[in-house]
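Chains as they are written, first to last, in this note's numbering: chain G, 3 to 391; chain S, 562 to 1144.
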């Protein structure tokens, strides 16, 4: 018995040895998010395991992963991915299945499957945090009034000025329908009809001058420099700009869209075992609480949520800034990732077609943050209804 | 004619009995609520896997196959439904109409098999996308469960009626998550009286249904309306007008359904195959206008949003929805009339709102008011329940301003429709089946009772050849005052009275046959004559009894006038007890 244990231990040391010649390559989202991850996850992991971490940045999307898997040359071992993309990628066979025992139990030894929020453990993905896409606005843009409802994003008469929106169908379509008076419970049912899509695109079309962003830091930049007065973006990035850099912006929590952020291991990853070790480490209660203390994303496990405290540098109470706080999630939308996983390609096509028609009219600025090309109200967009198959 | 029965008993035993009935009501309510919730879930599940719901259609990986499934699913669903209906004695699904008839005529005892088969076929119809409603089947399912409970416990007919109403109330309370509407619907449409004895068990049933809907199943509200602005004073006049027009639309909707079922009867296609044809036609139309498939929850929502439909589109979808519903129900799909009426009414209201906005140039802040007014104006006349419709609006939206607007609309809608078409689609259907509820329950009861229930052969019959003297002796010896002439083959030839015979004998003095002094004015009854018809004849006839003679002239026996009067008094007393006793 004792000899067997020694043998096992030796095998484990040899197999999972810290003497990994190459670093573990993580693909994540950059910016404030990456900084928080570095402090709360990457550096402590290297200290504990001796494995260096090399971080690459992306802005979501599966195209690069598809090409890499097809070429059998996958340059990442772990990817920080939204759950909707993880589900789609899993269905396409781009990811490795994760063992059910991957996540560590809570400190009080509550099993992981009871400690994590429901739906956190997927076939190929393990949710670590809940982040929200919200609207932020410049506090000095609308003297005497402040946006209170998501419909105000589309109300350029009461809240004039250019907007910045993410260059994806997701979130924009939901907000457009919500602003039309659709209750949040019915959003995805109605977005499934040609009529619902048409209504949503019509609403988006009424906005003149949209700055389209792709990188998560871009909306913060656009707001900071005053190129736009309202922008959609990730709540954590806005928090960082607001609290740590003192940028005069505020968050409109109404209509926030919550989404699961997961860890996945791509197919043909070179170091799958080290990747699994990292995920187990990064989703432990202690590390999740440490991450939420640096960037206000809601931890995916109950034991971590209760440990969230103050920001280590600014001393801000982080609980008030996480999307799942009761004050913030009164009208929160839970993104229907199952729906997106199955419809993403089609939605992207519709969105691209609409965008093309819109750009042909010259209503918007190009993707990257740049100088505003049109003053608000200068061009009245044509609200020609679109046909969708 | 008024009689007074024994006073309502008071004391411990009646109180316990009454409490027992309340507990039974709650139990029936719980069971009905679980079944109703299961039914609703089942339909949603079928809609997902059969690619009827827009969500499943959008998420389907091979969109090019949707054309095929859109036509094939309703057609195959219709095929199964049509064949299942052939197992029922009437070869048609049972609906709330049957439950109303059972309660109003105090027959009670809804058949279990018909209830189960109708619920199953309704679930299949709705699941396969037929343009029918789900609340009718839920009401009938609840009623059948209530009646089944009463039968298990060997309760009286009055208690059976109450448990039927309990099942109905719980089904509505669960499906709409609207307990008050459930209680009022059971009284307004099914029982049609407000006795305290019935109210308490029904309230208990609705409450249990509500608790199960909200707590156990975490079912959200059916129809959310965000806070709205208050309409202008002059708009209330428009709401009233929408009510009047909506009543006409409701009439058109009801007559389209009735008319198509008459057309279907003459169709040279076996009834078992008719739903399949309707399903295929519906599927083909849905390729063009998908809004008409199924219950139309999404269409309902879009109709409350200004700008979701153009005016032309509203008119098109409205017309097609009426046609699709008439087609599906007329040709034998199983389902209700309420949900399609909701959609039709809502589209109609939206049309009115769009027109008003384009004529006056007003802002469309109050658009949802027009939609809801149109909805109430069409649904209230169809189900014959103005109060229920109002409460549904109130409980579903929680919005008092909307409820008052709906009140304005229903004020005109219900009376106009009742005058022009009848109290409800249920009552019109019952009238076509020979049960007239328009003059209240007393008449309906008498109309539903056949005179053959009171038939007797205890009477004097004479042969055609009998002489006057023989006849008089015969009649007098049996202590009667009348006799009936029946020949050797059992055929009826007429009635003679003792007084008439005696008078004839006094007049002439010479021997004559009885057949020469028949009472010419004496009418006869047929075996299928109702007690109501017999009562009507009694007003013009004096005599001992009425003969019952069938179409071939065969004599079946007689019904004594005293028996008819007693039957009437007995029915009235039973009704009085049911409707006015406390416990």
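Glycine included, each C-beta is placed from N, C-alpha and C at the ideal position.
Interface flag, residue i vs chain G, CB-CB below 8 Å
| i | result |
| --- | --- |
| residue 923(S) | no |
| residue 856(S) | no |
| residue 869(S) | yes |
| residue 737(S) | no |
| residue 863(S) | yes |
| residue 866(S) | yes |
| residue 785(S) | yes |
| residue 625(S) | no |
| residue 1139(S) | no |
| residue 619(S) | yes |
| residue 901(S) | no |
| residue 622(S) | yes |
| residue 615(S) | yes |
| residue 651(S) | no |
Residue j beta carbon less than 8 Å from that of residue i
| i | j | result |
| --- | --- | --- |
| residue 76(G) | residue 277(G) | no |
| residue 174(G) | residue 258(G) | no |
| residue 951(S) | residue 739(S) | no |
| residue 1116(S) | residue 1052(S) | yes |
| residue 313(G) | residue 296(G) | yes |
| residue 191(G) | residue 616(S) | yes |
| residue 888(S) | residue 843(S) | yes |
| residue 1014(S) | residue 996(S) | no |
| residue 719(S) | residue 1134(S) | no |
Residue i versus the options, residue with shortest Cα-Cα distance
| i | options | result |
| --- | --- | --- |
| residue 978(S) | 854(S), 937(S), 760(S) and 879(S) | 937(S) |
| residue 653(S) | 694(S), 826(S), 619(S) and 957(S) | 826(S) |
| residue 117(G) | 226(G), 305(G) and 361(G) | 305(G) |
| residue 1095(S) | 1079(S), 1123(S) and 1076(S) | 1123(S) |
| residue 584(S) | 845(S), 723(S) and 898(S) | 723(S) |
| residue 796(S) | 646(S), 962(S) and 830(S) | 962(S) |
| residue 960(S) | 785(S), 1056(S), 1031(S) and 901(S) | 785(S) |
| residue 157(G) | 200(G), 88(G), 232(G) and 107(G) | 232(G) |
| residue 154(G) | 178(G), 228(G), 107(G) and 170(G) | 178(G) |
| residue 1059(S) | 840(S), 1043(S), 809(S) and 578(S) | 1043(S) |
| residue 1083(S) | 1092(S), 1100(S), 1091(S) and 1093(S) | 1100(S) |
| residue 705(S) | 673(S), 713(S) and 686(S) | 673(S) |
| residue 752(S) | 1091(S), 726(S) and 927(S) | 726(S) |
Distance between residue j and residue i (C-alpha atoms, nearest Å)
| i | j | result |
| --- | --- | --- |
| residue 100(G) | residue 947(S) | 58 Å |
| residue 994(S) | residue 748(S) | 23 Å |
| residue 573(S) | residue 669(S) | 28 Å |
| residue 1074(S) | residue 1112(S) | 26 Å |
| residue 316(G) | residue 925(S) | 48 Å |
| residue 798(S) | residue 805(S) | 11 Å |
| residue 970(S) | residue 671(S) | 35 Å |
| residue 1107(S) | residue 933(S) | 55 Å |
| residue 1033(S) | residue 1066(S) | 10 Å |
| residue 74(G) | residue 60(G) | 19 Å |
| residue 343(G) | residue 302(G) | 20 Å |
| residue 1097(S) | residue 849(S) | 56 Å |
| residue 597(S) | residue 895(S) | 16 Å |
| residue 862(S) | residue 189(G) | 11 Å |
| residue 370(G) | residue 618(S) | Low confidence applies to residue 370(G): its pLDDT is 46, below 50, so where it sits in the model is not reliable enough to give any reading. |
is_contact[residue i, chain S] using C-beta, thresh 8 Å
| i | result |
| --- | --- |
| residue 78(G) | no |
| residue 185(G) | yes |
| residue 341(G) | yes |
| residue 361(G) | no |
| residue 188(G) | yes |
| residue 344(G) | yes |
| residue 85(G) | no |
| residue 195(G) | yes |
What beta strand (DSSP E) runs, 3 residues minimum, are completely inside the segment 703-750 of chain S?
none
Please specify which runs of the alpha helix (DSSP H), each continuous and at least 4 residues long, are wholly inside the segment 751-825 of chain S, giving them in chain order.
757-772
Just list the alpha helix (DSSP H) runs in the segment 675-703 of chain S, keeping only unbroken ones of 4 residues or longer that don't cross its boundaries, in chain order.
none
What runs of the beta strand (DSSP E), each 3 residues or longer, lie entirely inside the segment 244-305 of chain G?
251-266
Quick check on the DSSP output: what are the complete beta strand (DSSP E) runs of length 3 or more inside the segment 76-108 of chain G, in order along the chain?
80-84
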